[in-house]
Amino acid sequence: MSDVILLVLSFLCAAVVWSWLNMQSLPASRSKSNAKFPCTDSSWPFLHQWRSLTSSKSILHDVYQKQLRDDQPYTLSGIFGDAVVLPPSMLPWLLAQPEHRLSARWAQLDALNTPLTFLRADIGVNPVHEPLVRRNLMAHLDGIAGLLHEEVALALDDLWAGNSEEAWREVNLDYTIRRVVARASNRIFVGLPLCRGNDYIENCISYSTRVSSCGLLISSLPRCLKGTLGVVFTAPIRLAYSRCSNHLLPVFKALLGGEAPASPHLFSSWLVENSAKLSEDSPERTPDYLSRRIMALNFAAIHTSTLTTINLLLDIFSSQSAPASPQSSVPSPSPSQDAAAATEAVVRLLRDEALTSRARWATNNRDGKVRDEVWSRARLNQMPRLDSALRESMRLWGLVPKALSRKVMPMPQGQGQGVLLPDGRGHLPPGTVVCLSGWGLHHDEALYTRPFEFVWDRFVGGGSSSESAGGEEGEAKPETEARAAAETDRQFAAWGIGKHACPGRFFAVDLIKIIAGKVLADYEVKLGKQRPENIWIECNVAPPPSATLLVRRRKDPV
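Here the sequence shown stands for residues -19 to -1, 1 to 539, numbered as in mature numbering (1 follows the signal peptide of the UniProt record, and there is no 0).
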């Protein structure tokens, strides 16, 4: 017993020292500013950060409910960083602030310490690849849909079906979907044959997961130790990049030297073409920097698309206890019907849509079997049921429950420092991070009926799905109107809102819909029991890594 008491006392002493060091590393002006706002947690100050590790979901929900009543900013303390949570009434004001005062980019860079974890600060601070995502990738979405589908189909067959179509297989979703996403994404990033190289793909996955985990670990350090220990913590990332660069450097050397032809559908070619516009001494014209740009894309694509796809598959194929929505074409289950029957009805409707899409966009042999399929944006946009299910899954399990994070930026001398909140309700000095409770917004009963249930057809509505152009923020529509999964509005912050909305979300949605559509059309899936709860590590939420499905490839999918 004495050993247990000693361990507890040691832990509490370490927590006190850690909290003191962390507070000493903060600018004094920031501490004073945060003191003006009540804390989201009423526990002892040095315990705020530790409680946030396991209770962030309830904290974010409770603070949102308080803000609906008192319209008050609150201070949210956490091991991975503090933030001021603004009330939902300040959303229009937040979106209107210029980047040089409230920076979305620097809030994102600081969240995972990407100037450190990307190994070269310029890769994150000067994102040369982002305009290519907005311009080139968007322009070629129609042409790459078929390439994505081909790679998804092959990867799923390798990882799920194997050599047998007869036996049921229990597959780990995190392991298999992460590799499907990595292969399909790299089919567009670097093309064949590299996207199917096992060593390259495995190290791309290692790189993306290590950037996330090491970035969070560095965020937990006191500011005075980040520079020193950050170098140590990034060692696993350096190893993964080194192994990936063994494959990427020859690719870019060949492209830069004209030994390999450029491709209109490969991001690697777009990077090289863009680098030719820069000065000859620019590091962006070197194979090393071009390789690092590809790895930054891998991090953005693999991590988020994997988790979002797993959430969607768990939501579709796990037994649902909730009835369908009022506008649903699935009849509400009677008390005698169990949850599995309701889920089977949902799966059947989603599979019918996938098969109808295949029939509409396929040419057949004389025996009626599919010979070829046309994959295009038009085809993907004609799947409103799957669009709705994906959007609903993202609403229910958003990966970033702290939404629309912004960092207060320093201003030149004489222009005033910090930001004054609307109506003079508080002053935020440089370095302060502000956000909204995205979890509260997405589970607001005034905005969404049955907000904690997976209502798969919530966004089908009576109209046709449409997507907003160029990431413009739209006015929120009633939930009975059709909403595409990539569309943003002030009630749906999963992608961000406005000009800072994720530029790669259209590519991500296309990829996720292709994966889900392929699973629905070509695989039998035994329904799971109640959906497993997602894991929270402070304000980071993800499906459980141990989640599995029982699958079997259909002998005759059509």
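Idealized CB from N, CA, C, for every residue including glycine.
Since the structure is predicted, the reported quantities are computational estimates derived from the model, not experimental observations.
**Prompt:** Alpha carbon to alpha carbon, how far is residue 264 from residue 270?
**Reply:** As a working mapping, residue 264 is identified with position 283 in the sequence shown. As a working mapping, residue 270 is identified with position 289 in the sequence shown. Near 6 Å, if we compare the C-alpha coordinates of residue 270 and residue 264.
**Asked** Taking Cβ to Cβ, would you say residue 69 is nearer than 8 Å to residue 417?
**Response** Reading the sequence shown from its first residue, position 88 is the one you call residue 69. Reading the sequence shown from its first residue, position 436 is the one you call residue 417. In contact: residue 69 and residue 417 (Cβ atoms closer than 8 Å).
**Delimiting residues of the beta strand (DSSP E) encompassing residue 429** = Mapped onto the sequence shown, residue 429 falls at position 448. Taken as a continuous stretch (DSSP letters only), residue 429 belongs to no beta strand (DSSP E), as it is neither H nor E.
**Asked** Taking one C-beta from the segment 374 to 391 and one from the segment 468 to 482 each time, how about it: are there three or more such pairs within less than 8 Å?
**Response** yes
**Message:** Going by DSSP in three states, residue 529 sits in which element: helix, strand or coil?
**Reply:** Indexing the sequence shown from 1 puts residue 529 at position 548. DSSP, read as helix, strand or coil, puts residue 529 in strand.
**Prompt:** Ends of the alpha helix (DSSP H) at residue 250?
**Reply:** On the sequence shown, residue 250 is found 269 positions in, with the first residue counted as 1. Residue 250: member of the alpha helix (DSSP H) spanning 248 to 256, first to last residue.
**Item:** Through-space distance from residue 36 to residue 521, alpha-carbon basis
**Value:** Position 540 of the sequence shown holds residue 521. Position 55 of the sequence shown holds residue 36. The straight-line gap from Cα to Cα measures roughly 11 Å.
**Unbroken alpha helix (DSSP H) run spanning residue 511, endpoints** = Residue mapping note: residue 511 aligns to position 530 of the sequence shown, counting from 1. Going by DSSP, residue 511 is part of no alpha helix (DSSP H) but of the beta strand (DSSP E) stretching over 509 to 511.
**Asked** Taking buried to mean at least 16 other C-beta atoms within 10 Å of its own C-beta, is residue 423 buried or exposed?
**Response** One-based indexing of the sequence shown puts residue 423 at position 442. Buried.
**Request:** Let me know if residue 540 comes out buried or exposed under the rule of 16 or more other beta-carbons within 10 Å of its beta-carbon.
**Result:** Nothing about residue 540 can be reported from this structure: the residues present for the chain run from -19 to 539 only.
**Item:** Close-in-space but distant-in-sequence residues of the same chain around residue 210 (CB under 7 Å, 5 per side omitted)
**Value:** Counting from one through the sequence shown, the residue named residue 210 turns up at place 229. Here the set comprises 202.
**Neighbourhood of residue 230 by C-beta, 8 Å cutoff - its chain only, sequence neighbours within 5 removed** = Working through the sequence shown from its first residue, we reach residue 230 at position 249. Within the same chain, residue 230 has close Cβ partners 268, 269 and 272.
**Asked** Where does the unbroken alpha helix (DSSP H) through residue 480 begin, and where does it stop?
**Response** By 1-based counting over the sequence shown, the position of residue 480 is 499. Looking at the DSSP string, residue 480 is not in any alpha helix (DSSP H), and its letter there is neither H nor E.
**Message:** When you compare the segment 383 to 395 with the segment 72 to 87, are there three or more beta-carbon pairs, one atom per stretch, that lie closer than 8 Å?
**Reply:** yes
**Message:** Starting from residue 166, trace the alpha helix (DSSP H) in both directions and tell me its first and last residue.
**Reply:** For the purposes of this step, residue 166 is taken as the residue at position 185 of the sequence shown. 154 to 170 is the span of the alpha helix (DSSP H), which, as asked, contains residue 166.
**Request:** Taking 8 Å as the cut-off, decide whether the C-beta atoms of residue 219 and residue 109 are in contact.
**Result:** Within the sequence shown, numbered from 1, the residue matching residue 219 stands at position 238. Within the sequence shown, numbered from 1, the residue matching residue 109 stands at position 128. Their beta carbons are not under 8 Å apart, which means residue 219 does not touch residue 109 by this criterion.
**Item:** Closest Cα partner of residue 529 within the set 151, 354 and 61
**Value:** As a first step, residue 529 is located in the sequence shown; it is residue number 548 there, counting from the start. Residue 529 has its Cα closest to that of 151, out of 151, 354 and 61.
**Identity of the residue in 207, 285 and 200 nearest residue 58 by Cα** = The count along the sequence shown starts at 1 and reaches residue 58 at position 77. Nearest of 207, 285 and 200 to residue 58, Cα basis: 200.
**Request:** Can you check DSSP and say which residues form a bridge with residue 388?
**Result:** For the purposes of this step, residue 388 is identified with residue 407 of the sequence shown, where counting begins at 1. DSSP lists 84 and 414 as partners of residue 388.
**Prompt:** What are the boundary residues of the alpha helix (DSSP H) that residue 136 is part of?
**Reply:** The residue you call residue 136 lines up with position 155 of the sequence shown. Residues 122 to 137.
**For residue 314, the three-state DSSP class (helix, strand or coil)** = Translated into the one-based positions of the sequence shown, residue 314 becomes position 333. Unreliable positioning characterises residue 314 in this predicted model, as indicated by a pLDDT of 43, which lies under 50. The coordinate reading is nonetheless provided below. Coil at residue 314, not helix or strand.
**Request:** Compute the beta-carbon to beta-carbon distance between residue 246 and residue 169, rounded to the nearest angstrom, for a pair I have assumed lies under 8 Å.
**Result:** Against the sequence shown, residue 246 aligns to sequence position 265. Against the sequence shown, residue 169 aligns to sequence position 188. Residue 246 to residue 169, Cβ: 7 Å. Contact.
**N-terminal and C-terminal residue of the alpha helix (DSSP H) that residue 515 is part of** = In the sequence shown, residue 515 corresponds to position 534, counting from 1. Premise fails: residue 515 is in no alpha helix (DSSP H) and is neither H nor E.
**Item:** residue 273 - partner residues in DSSP beta bridges
**Value:** Along the sequence shown, read from residue 1 onward, the residue named residue 273 stands at position 292. Looking at the DSSP output, residue 273 bridges to nothing.
**Asked** So who's on the other strand from residue 299, going by DSSP bridges?
**Response** What you label residue 299 is simply residue 318 of the sequence shown in a count that begins at 1. Per DSSP, 509.
**Request:** Tell me, please, which residues DSSP counts as bridged to residue 503.
**Result:** If you number the sequence shown from 1, residue 503 lands on position 522. Answer is none; residue 503 lacks a bridge partner.
**Request:** Using the DSSP secondary-structure output, state which residues sit across from residue 523 in a beta bridge.
**Result:** Position 542 of the sequence shown, counted from the first residue, corresponds to residue 523. In the DSSP output, where bridge partners are listed per residue, residue 523 has 516.
**Asked** If you draw a straight line from the C-alpha of residue 414 to the C-alpha of residue 67, how long is it?
**Response** Residue mapping note: residue 414 aligns to position 433 of the sequence shown, counting from 1. Residue mapping note: residue 67 aligns to position 86 of the sequence shown, counting from 1. If you take the alpha carbons of residue 414 and residue 67, they lie about 10 Å apart.
**Item:** Residue environment, residue 149, which counts as buried when at least 16 other CB atoms sit within 10 Å
**Value:** Here residue 149 corresponds to residue number 168 of the sequence shown, with the count starting at 1. Exposed, because fewer than 16 other Cβ atoms sit within 10 Å of the Cβ of residue 149.
**Request:** With DSSP collapsed to three states, give me the class of residue 401.
**Result:** Here residue 401 corresponds to residue number 420 of the sequence shown, with the count starting at 1. Collapsing the DSSP output to three states places residue 401 in a strand.
**Prompt:** If you drop the 5 nearest sequence neighbours on each side, which residues of the same chain put their C-beta closer than 7 Å to that of residue 288?
**Reply:** Within the sequence shown, the letter at position 307 stands for residue 288. 380, 523 and 524, listed in sequence order.
**Request:** Give a yes or no on contact between the segment 493 to 504 and the segment 325 to 340, applying the rule of three or more CB pairs nearer than 8 Å.
**Result:** yes
**Message:** Between the alpha carbons of residue 442 and residue 468, how many angstroms are there, rounded?
**Reply:** One-based indexing of the sequence shown puts residue 442 at position 461. One-based indexing of the sequence shown puts residue 468 at position 487. Using only the alpha carbons, I get a separation of about 15 Å.
**Message:** Distance check for residue 153 and residue 527, CA to CA, integer angstroms please.
**Reply:** Here residue 527 refers to the residue found at position 546 of the sequence shown. Here residue 153 refers to the residue found at position 172 of the sequence shown. If I take the Cα positions, the gap works out to 7 Å.
**Item:** Those residues which DSSP pairs with residue 383 across a bridge
**Value:** Your numbering for residue 383 matches position 402 in the sequence shown. Beta-bridge pairing links residue 383 to 418.
**Prompt:** Thinking C-alpha only, which one of 519, 297 and 196 is nearest residue 95?
**Reply:** Translated into positions along the sequence shown, residue 95 becomes position 114. Per the Cα distances, 196.
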